[in-house]
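Participant: Heads up: the sequence lines are chains C and G, in that order.
All letters in the first sequence, in the order written, are residues 0 to 343 by numbering that gives the first Met the number 0.
All letters in the second sequence, in the order written, are residues 0 to 343 by numbering that gives the first Met the number 0.
All C-beta atoms, glycine included, are put in the ideal place defined by N, C-alpha and C.
Protein chains: 2
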Amino acid sequence: MPAPTDHELFELGDLPLQHGEILRGATLAYKTYGTLAPDRSNVILHPTWFSAWHDANEWTIKPGSACDPGRYFVVVPNQINNGLSSSPSNTPPPFNGPYFPPVTFHDQVEAQHRLLTQKWGIESLELVLGSSMGAAQTYQWAVSHPEMVKRAAPIVGSPRTSEHNQVFLKSLRATLTLDPAFHDGLYPPDAPPMRGLRAFARIYAGWGLSQRFYWERAYRQMGYPTLEDFLVGYWEGFWLDGRDPNNLLAMLWTWENGDVGKTPGFDGDTEAALRSIRCPVVSMPARTDLYFPPEDEQAWSEFIPHGEVRVLDTVYGHFAGLGVHEPDNAVIDEALRELLGRPA
Amino acid sequence: MPAPTDHELFELGDLPLQHGEILRGATLAYKTYGTLAPDRSNVILHPTWFSAWHDANEWTIKPGSACDPGRYFVVVPNQINNGLSSSPSNTPPPFNGPYFPPVTFHDQVEAQHRLLTQKWGIESLELVLGSSMGAAQTYQWAVSHPEMVKRAAPIVGSPRTSEHNQVFLKSLRATLTLDPAFHDGLYPPDAPPMRGLRAFARIYAGWGLSQRFYWERAYRQMGYPTLEDFLVGYWEGFWLDGRDPNNLLAMLWTWENGDVGKTPGFDGDTEAALRSIRCPVVSMPARTDLYFPPEDEQAWSEFIPHGEVRVLDTVYGHFAGLGVHEPDNAVIDEALRELLGRPA
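(1) With the cut-off set at 8 Å, would you say P46(G) and Q78(G) are in Cβ contact?
(2) Within the same chain, show all residues whose beta-carbon is closer than 8 Å to that of V323(G), passing over the 5 residues directly before and after it, in chain order.
(3) How would you write the range of the beta strand (DSSP E) that K149(C) sits in, first residue to last?
(4) Taking only beta-carbon atoms, is F302(G) less than 8 Å away from chain C?
(5) What is the rounded straight-line gap between the Cα of W52(G) and the Cα of L230(C)?
(6) I'd like the ranges of any beta strand (DSSP E) spanning at least 3 consecutive residues and lying wholly in the segment 236–313 of chain C.
(7) Give me the residue from S170(G), R150(G), L83(G) with the minimum Cα distance to A200(C).
(8) Since V148(G) meets chain C, which of its residues come closer than 8 Å, beta carbon to beta carbon?
(9) What first and last residue would you give for the beta strand (DSSP E) that runs through K30(C)?
(10) Can you tell me where the beta strand (DSSP E) holding S170(G) begins and where it ends?
(11) For R277(G), which option in A151(G), D67(G), F181(G), S130(G) has the closest C-alpha, if you only look at C-alpha atoms?
(12) Suppose the cutoff is 7 Å on Cβ atoms and the five residues either side in sequence are ignored; what does the same chain contact list for G241(C) look like?
(13) Starting from the Cα of T160(G), find the closest Cα among E337(G), T34(G), S209(G), E296(G) and give me that residue.
(14) Rounded to the nearest angstrom, how far is the Cβ of T31(C) from that of V73(C), given a contact under 8 Å?
(15) Helix, strand or coil: how does DSSP classify L338(G) here?
(16) Between A249(G), P100(G), F9(G), which has its C-alpha nearest A28(G)'s C-alpha?
(17) Flag this pair as touching only if the segment 241–255 of chain C and the segment 111–130 of chain C have three or more C-beta atom pairs under 8 Å; answer yes or no.
(18) Does the contact criterion of 3 or more C-beta pairs under 8 Å hold for the segment 251–258 of chain G versus the segment 184–202 of chain G?
(19) Let me make sure I understand the geometry here. Which of P188(C), R113(C), N164(C) has the alpha-carbon closest to that of W140(C)?
(20) Between which two residues does the alpha helix (DSSP H) containing G195(G) stretch?
(21) Within the continuous alpha helix (DSSP H) that includes E10(C), where are the two ends?
(22) Measuring alpha carbon to alpha carbon, tell me which of G260(C), T174(C), P179(C) ends up nearest L196(G).
(23) Chain C partners of W299(G), CB-CB under 9 Å?
(24) Taking the alpha carbon of Y98(G) as the reference point, which residue from Y213(G), L83(G), E301(G), D183(G) has its own alpha carbon closest?
(25) So with CB distances below 9 Å, who are the chain G contacts of W254(C)?
(26) Taking I121(G) as the reference, give the member of S157(G), I43(G), L239(G) with the closest Cα.
(27) Taking Cβ-Cβ distances shorter than 8 Å, what residues in chain G pair up with W238(C)?
(28) Is the Cβ of H163(G) closer than 8 Å to any Cβ of chain C?
(29) Since E255(C) contacts Q165(C) with CB under 8 Å, what's their CB separation in whole angstroms?
(30) With distances taken Cα to Cα, identify the nearest neighbour of E288(G) among I154(G), R274(G), P76(G), P15(G).
(31) Pull up the distance between the alpha-carbon of S157(G) and that of R172(C), whole angstroms please.
(32) Pick from C66(C), S85(C), R211(C), P91(C): whose alpha carbon is nearest that of G129(C)?
(33) In angstroms with no decimal places, state the Cα-to-Cα distance between S88(G) and L239(G).
(34) Rounded to whole angstroms, how far is the Cβ of P191(G) from the Cβ of D243(G), which I believe are closer than 8 Å?
(35) I want to verify the contact list: residues of chain C whose CB lies under 9 Å from the CB of W214(G), in sequence order.
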């Protein structure tokens with residue numbers, strides 16, 4: 000599926016970034032589900048994961064689900080860099096393509112904060128949730144705006160990108176930029192580095208799902224009868240379908256440098272940043288996730304005053320948090336329902 | 000460390016390969032440790048792992064160790080494809096470089112069998128052991144020559160390469176061949192695809208050691224003070240130091256296609272091949288190995304009549320079986336000592 004077009008754009012104006020540049024005339028693409036209550040008391044924010052667009056979050060926003068759009072006003076902001084919000088692929092010089100400035104999770108949250116406060120006057124959030132890089136944004140929201148976030152549910156993600164995870168991301172970058180068609184990021188839009196994206200896909204395939212997933216050939220449950228079909232039909236298809244390499248590299252930078260300790264005021268102290276969180280935080284790592292192992296979230300959760308960890312018991316690895324496996328979806332939905340039911 | 004030169008060469012003659020080609024004038028590079036007993040009753044065979052040369056096995060062959068060369072005659076055959084035995088890098092046309100034929104674990108074992116029987120008249124092996132691809136050769140020996148193998152100790156490896164492991168290997172191949180300097184394998188010997196090898200190194204770095212290894216920054220125990228130094232000083236240094244890309248790709252093929260069920264006579268039936276093993280097999284997977292997880296060895300071991308599994312409890316992942324971490328080495332040595340002490 001190529002990028003969706005059913006979103007709206009919010010003019011952010013000039014967005015100062017943590018690393019010094021100002022992203023002039025920045026835009027944030029978003030989609031909303033449900034209706035904002037007159038007292039603005041029913042807002043849920045659900046940021047997006049790596050390479051995903053807003054539609055990838057819709058599995059959590061069904062009628063009858065915890066985040067039922069009949070009750071809540073769910074806002075899904077597309078990450079800066081994902082091709083719909085301001086991104087390497089859609090920004091004119093001097094910030095075009097490989098010249099797009101580095102964007103932190105803090106920057107992502109500040110852009111989203113502008114949308115919520117300037118467009119709708121929203122002052123509190125019933126829940127922030129997100130998977131993977133969306134989880135990192137969830138943690139960042141709880142640190143950056145503790146006065147606004149009543150509950151947080153980071154799924155298969157972390158408040159600081161671990162070194163092992165960084166190695167994975169560095170391997171993706173080294174591979175994608177190796178394709179001679181990459182041309183230092185100055186490839187023509189209609190001639191992206193296709194072989195680099197295919198190799199990128201094969202690396203990702205080994206990390207995204209667990210040893211046990213492949214042992215059980217669970218890709219058959221996803222509609223791919225053979226390993227080779229899963230690697231080409233699913234994985235290569237996914238990355239070759241409208242995902243711009245410069246955008247991917249920009250998101251990789253955000254991810255690799257993720258750390259709530261880098262929030263202004265915390266001077267790199269991740270533990271202090273986590274201690275400052277006021278709301279309940281229900282982290283949901285997956286037992287078999289190869290890059291966000293549950294041990295890491297358990298360790299970070301110890302510093303969060305109202306933090307708890309619920310491990311998804313699954314063979315789907317990282318994908319357990321991305322909505323592809325109904326039993327995992329049900330466990331997540333039940334946890335969200337319980338969390339939303341708590342008085343805040 | 001570049002390739003060692005303290006080995007000897009055995010002329011294999013014409014070696015028929017499982018896939019149909021005949022490797023004419025093939026040679027097997029090997030090194031021996033200790034002295035062959037007059038009755039040839041003290042032989043240990045220790046095949047090599049991916050990209051390794053015989054010297055990588057010497058950590059198990061120290062005086063006082065289970066495989067003490069004062070007692071045993073230890074033979075370390077270099078894999079075909081590893082640059083010392085017949086390999087893409089040292090074979091003349093028509094089998095030079097990328098035209099070298101595919102070699103299976105069965106072929107590797109047949110070449111080693113020729114060395115042992117033709118050079119020394121060896122008819123039985125007190126122990127076959129090996130790590131990673133050496134473990135695959137160990138399983139293969141127990142299946143191909145049950146009349147010769149008295150005891151087997153496969154370490155961090157498997158009798159059949161799992162699909163998840165295959166995905167890892169496919170990602171390495173896709174990346175190494177992406178470098179334009181690869182030139183379809185026809186690069187000049189003094190101009191190998193260096194950037195491809197660096198990307199290859201970064202992929203491998205994420206797989207070779209565990210999440211917890213990086214979380215604890217255990218690379219400092221290996222002499223690398225920072226993550227970046229570990230990635231460049233250790234990982235890139237390792238792959239850029241005399242390891243020929245065509246040789247690596249040839250070994251990857253052997254590894255990816257590993258399956259004792261493909262031994263002639265078993266018609267692809269891995270379980271039947273394992274059931275045919277007569278000797279005790281002590282498998283030693285590592286708890287945190289990302290590509291040979293202990294669950295896999297447990298599953299395979301169920302089919303081996305005298306099979307057992309001892310899990311190395313370590314954060315060193317796959318490297319636990321490669322001799323880099325003294326506590327793991329000690330556990331392995333103790334298991335080998337116990338196994339060698341059993342009457343056969």
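Facilitator: Result, derived from the coordinates:
(1) yes
(2) Here the set comprises M221, Y315.
(3) K149(C): not part of any beta strand (DSSP E); DSSP gives it neither H nor E.
(4) Output row for F302(G): interface = no.
(5) 32 Å
(6) Listed in chain order, the beta strand (DSSP E) runs fully inside the segment 236–313 of chain C are 280–282, 306–308, counting runs of at least 3 residues.
(7) Ranking S170(G), R150(G), L83(G) by Cα distance to A200(C) puts S170(G) first.
(8) Ordered by position in chain C, no residue passes the 8 Å Cβ test against V148(G), which lies about 27 Å from the chain.
(9) 21–32
(10) Premise fails: S170(G) lies in the alpha helix (DSSP H), 162–175, not in any beta strand (DSSP E).
(11) Checked all of A151(G), D67(G), F181(G), S130(G); the closest Cα to R277(G) is A151(G).
(12) P1, A2
(13) E296(G)
(14) 7 Å
(15) helix
(16) F9(G)
(17) Not touching, per the Cβ criterion.
(18) no
(19) Cα-wise, what sits closest to W140(C) is R113(C).
(20) Where G195(G) is concerned, the enclosing alpha helix (DSSP H) starts and stops at 193–207.
(21) No alpha helix (DSSP H) contains E10(C), which is instead part of the beta strand (DSSP E) from 7–15.
(22) T174(C)
(23) Correct list: empty, because the minimum Cβ distance to chain C is about 11 Å.
(24) Ranking Y213(G), L83(G), E301(G), D183(G) by Cα distance to Y98(G) puts D183(G) first.
(25) By Cβ distance, chain G contributes nothing, its closest Cβ being about 14 Å from W254(C), past 9 Å.
(26) I43(G)
(27) Neighbours of W238(C) on chain G: none; closest Cβ ~12 Å, over 8 Å.
(28) yes
(29) Taking the Cβ atoms as the reference, E255(C) lies roughly 5 Å from Q165(C), within the contact range of under 8 Å.
(30) The sequence shown places Asp at residue 288(G), not Glu. Here the closest residue by C-alpha is I154(G).
(31) Their backbone Cα atoms lie some 31 Å apart in a straight line.
(32) C66(C)
(33) Going by the C-alpha atoms only, they are around 15 Å apart.
(34) 7 Å
(35) S161, E162, H163, P292, E294, D295, A298
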